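Going by this note's numbering, the sequence shown wraps up at 204, each residue one higher than the last.
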Amino acid sequence: MGKSIRKGGFTLIELLVVIAIIGILSSVVLASLNSARVKGRVASAQQTLKSFSTALTICLNESIAITPVSGTAPTAGGAACTDSGTAYTWPALPASGSWSYTTAWTTTLGTSFSFVATGDGKTITCTQSGCTTT
């Protein structure tokens, strides 16, 4: 006789458990998304610098001076070299992740060049033989 008939709906405990599960799942997804963004910025910087390294190699092979002078950090958009009327400028690095060129820049007319960019905990070093990421 003392039976209670339960009407539709959820108890407070059931609702809190569902909300907690949704919260945990969303935090895992957001952490994965942030990691993917960082990897995307690094890949973008790698490709940009690899392409630019090829342009500098063309100037190097033609014995065209590459600027700025050794030991000076390049400036994005600043002149690098001009080959047969084509002007090459230092490319912009990804805006987020604190990417920047370092002063570890060297060039020897007609023989070699080396430059370094850092950001997102990675260092990309480029020479006439290619780029490496550490």
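Beta carbons: idealized from backbone N, C-alpha and C, even for Gly. Predicted, not measured: the structure shown is a model, and the values here were computed from it.
*Quickly, what does DSSP pair Val-186 with across the bridge? List them, please.*
Thr-195
_I'd like to know whether the C-beta of Thr-181 is nearer than 7 Å to at least one C-beta of chain C._
Absent from the structure is chain C; it holds one protein chain and no more.
*Gly-123: which of Thr-172, Ile-83, Pro-161 sits nearest, CA to CA?*
Here the sequence assigns Ser to residue 123, which means Gly is not the residue at that position. Answer by Cα proximity: Pro-161.
_Own chain, CB closer than 7 Å to Leu-179, minus 5 neighbours either side, in chain order_ = Closer than 7 Å at the Cβ level, and outside the excluded window around Leu-179, lie Ser-133, Ala-135.
*If you compare alpha carbons, which of Leu-126, Ala-157, Leu-130, Tyr-171 is closest to Thr-142?*
Answer by Cα proximity: Tyr-171.
*Compute the Euclidean distance between the alpha carbons of Leu-100 and Pro-164, then round it to the nearest angstrom.*
21 Å
*Span of the alpha helix (DSSP H) holding Thr-124?*
Per DSSP, Thr-124 is one residue of the alpha helix (DSSP H) stretching across 82-131.
*Excluding sequence positions up to five away, which residues of its chain have a Cβ less than 6 Å from the Cβ of Val-112?*
Asp-190, Lys-192
*From Thr-145 to Thr-137, what does the alpha carbon distance come to, in whole angstroms?*
10 Å
_Close beta carbons around Lys-120, own chain, < 6 Å, minus the five adjacent residues each side_ = Cys-201
*In this structure, does DSSP put Gly-148 in helix, strand or coil?*
coil
*What residue range is occupied by the uninterrupted beta strand (DSSP E) comprising Gly-200?*
200-203
_One question on the structure: do Ser-199 and Trp-175 come within less than 7 Å of each other, judged by their Cβ atoms?_
no
*Candidates Gly-148, Leu-85, Thr-181: closest to Asn-131 by CA position*: Thr-181
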